[in-house]
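Remarks on the structure that follows.
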């Protein structure tokens, strides 16, 4: 419960996301705007889910612990489904906006491609989701206290930070796969994203036993490989990129893909 | 752009100025000083105080010595296409140019609220504008008190705005300038002194009065110079952000809770009415300023590019980005033009006899004299619109908007029990509201109120997050469930 814990957990949770933001998004105003819009959509979905949960709690029996837990689980599942619905809604909105802009500008290429939008919106969802999950915990970690003094797990902060990092990265991967699935009408990919999200959330139900929740979550991060292939990557591309021989990559700043 | 006088509350020495929310608007060039032409020499007169936005002026670039009849349609078309794309790209750039200062202001306010407890402590002091206390016995009484407080505050704001508009209309510029001068003096010296004091108290920094006096004096004087006269753009922007943050902090401290929310709601409605209704004071202000081709007082507007001063002479070379471009261009232009009308005896220069006869046939016999040649040389030749034209054309946002946005987020972080979630939600909501407002600005191209959409979203998200999302997220965090 010191500055070390605070900074450590902050960097674990947000490090990859912030570096992605700084290196790929911060310079392009359009991408920043779509990132914030993505965060907004996630927020609205959370609002709706909380509304439903709140109403259901008010009409339920507040004494019974098991009922409350059941309602909470229901809330989580509903929230996941709503998030994915809003991801789809954002996709539709972006398609319409892009088409409108294309028609207006009579240009051959759009200023921002749907793949970039997929990445940016996924990251926006991830940022907001991670922030809402972990910022209060981080704020508490600066203050005095002893972790787990009542018998809870001592690794609360660390596990929260790792879980948040996983969720942010996963949202980004899911965004890419989801949008690609919607573009190519491959509803199996879309369903896989929804199922994957549900699995990750449900894994956290076991949470003080971090082995059974964190480890599978990190295995699900292998979704990232699927997202990589969906976004057009391949082993060859990777090799060219890493050896700085890929001309497309080197010129990436000058051309929308 | 419209000016707002700032509201400076001080329950100690009765001095007041008024803040009204300001519409944001695309920059209005003082055409007198518009040295660089967008391919049209008549641009100065043509702009005539209109809001010039990403598009062409509609005048096709003038061509030296050639009849423009053949080309205008196509030129205007390509200009329009370029306009749309540039509008999109530069529209996004303008949005970011406003996101950054708004974010900075909010960050300063939230950081101060979270660390310096002075601004959240209730000393029982109130402003003279909000005399009714909110610590009452019944909820009904509290509601009534807050409504009364909000009414008084809004009335004061409306009266002040009307006074300002009247003064502007009857050209009492000295009075307005004196008023603004005094209010920024108060902000830069007194409020920043108070702020520093509280920060030192919080961090237990011992500082003697002499050092403090030197620091505050320098801060204040440089601020006054930057805001009311000339200064580096970034410094001016930084000062404007700082005084907005200071003002927001004062509001957060001295306005009781329900009053603050009510005032925010009512002032958005007022902003909407004042800017959009034909008889609204702010609209009158904007239109008067446009008629007179004057920029509205730079002390109250945050501008993302250099503000064009009315009396900027051509002879002195100020370090403004855009005017730098102009003189070299005219010089290169002249140097490019001069080889062309060389003496036809030595070298046709392509002016073959058939071409000459064709010209004479079309335009009648031409006789170029010294004077006509010089005149033509001085006309700008056809060239594509300058790349950095739109970058120079920034966006302006009134300081009142900064103040109220920061006030909302600061109040959210001060009073919400959901802490950071609520603050984050309000922050994102305000940014999205600003984005939508700028989108509308790009579509409608006239002064628009910047408060309503953002404040509406901010309020909705504040109350929703505080009452609905917070218990949900708390429960989730307790069990460490992730959604």
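Residue numbers (the working numbering), protein chains in the order written: chain B, 122 to 378; chain E, -12 to 470.
Quick reminder that beta carbons are idealized off the backbone N, C-alpha and C, glycines included.
- As a beta-bridge residue in DSSP terms, residue 289 of chain E pairs with E/384.
- Put simply, the CB of residue 150 of chain B is near chain E, with a gap under 7 angstroms to one of its CB atoms.
- Contacts with chain E at 7 angstroms (Cβ-Cβ) do not include residue 219 of chain B.
- In the three-state reduction of the DSSP assignment, residue 435 of chain E falls in the strand class, which pools E and B.
- Around the Cβ of residue 157 of chain E, a 10 Å sphere holds fewer than 16 other Cβ atoms; the residue is exposed.
- Annotation: the continuous alpha helix (DSSP H) that includes residue 129 of chain B extends over 124 to 141.
- Distances from the alpha-carbon of residue 125 of chain B to those of B/261, B/290, B/355 and B/339 put B/261 closest.
- Taking C-beta separations shorter than 7 angstroms and ignoring five residues to either side along the sequence, the partners of residue 427 of chain E in its chain run 435, following chain order.
- Going by beta carbons, residue 232 of chain E and residue 154 of chain B fall outside the 7 angstroms limit.
- Interface flag for residue 174 of chain B against chain E is set, since a Cβ pair is found closer than 7 angstroms.
- The distance from the Cβ of residue 395 of chain E to that of residue 417 of chain E is about 7 angstroms, consistent with a contact at the 8 angstroms cut-off.
- Looking at the backbone, the Cα of residue 236 of chain B and that of residue 230 of chain E are separated by about 42 angstroms.
- Note that the segment 451 to 463 of chain E does not touch the segment 280 to 295 of chain E; fewer than 3 beta-carbon pairs, one per stretch, sit closer than 8 angstroms.
- Relative to residue 251 of chain E, the option among E/463, E/441, E/464 and E/470 whose CA is nearest is E/441.
- Close CB contacts of residue 246 of chain B within its chain, under the 6 angstroms cut and outside five residues either way in sequence, are with 159, 163 and 292 (chain order).
- Using a Cβ distance threshold of 7 angstroms, residue 245 of chain E and residue 393 of chain E do not count as a contacting pair.
- In this chain, the alpha helix (DSSP H) harbouring residue 256 of chain E covers 244 to 263.
- Uninterrupted alpha helix (DSSP H) stretches at least 4 residues long and entirely within the segment 262 to 312 of chain B occur at 277 to 304, given in chain order.
- Each of E/81, E/84, E/97 and E/114 was checked against the Cα of residue 390 of chain E, and the nearest Cα belongs to E/97.
- Residue 193 of chain E and residue 206 of chain E have their C-alpha atoms spaced approximately 19 angstroms apart.
- Against chain E, a Cβ distance below 7 angstroms from residue 182 of chain B picks out nothing, because the smallest value is about 16 angstroms.
- For residue 158 of chain B, the neighbours in chain E by C-beta distance under 9 angstroms run, in chain order, 419 and 422.
- Among the CB atoms of chain B, one or more fall inside 7 angstroms of the CB of residue 83 of chain E.
- Interface residue (Cβ-Cβ distance to chain E less than 7 angstroms): residue 195 of chain B is not classified as such.
- Against chain E, the CB of residue 260 of chain B has a partner CB under 7 angstroms away; the residue lies at that interface.
- Here residue 197 of chain E is exposed, its C-beta having fewer than 16 other C-beta atoms within 10 Å.
- For residue 199 of chain B, the closest of B/322, B/277 and B/134 by C-alpha to C-alpha distance is B/322.
- In the DSSP assignment, residue 466 of chain E falls within the alpha helix (DSSP H) that extends over 457 to 466.
- Per the C-alpha coordinates, the member of E/182, E/135, E/179 and E/160 positioned closest to residue 276 of chain E is E/160.
- Contact annotation for residue 333 of chain B against chain E: no contact, minimum CB-CB distance about 13 angstroms [criterion: below 9 angstroms].
- With a contact defined as Cβ atoms closer than 8 angstroms, residue 464 of chain E and residue 257 of chain B qualify at about 7 angstroms.
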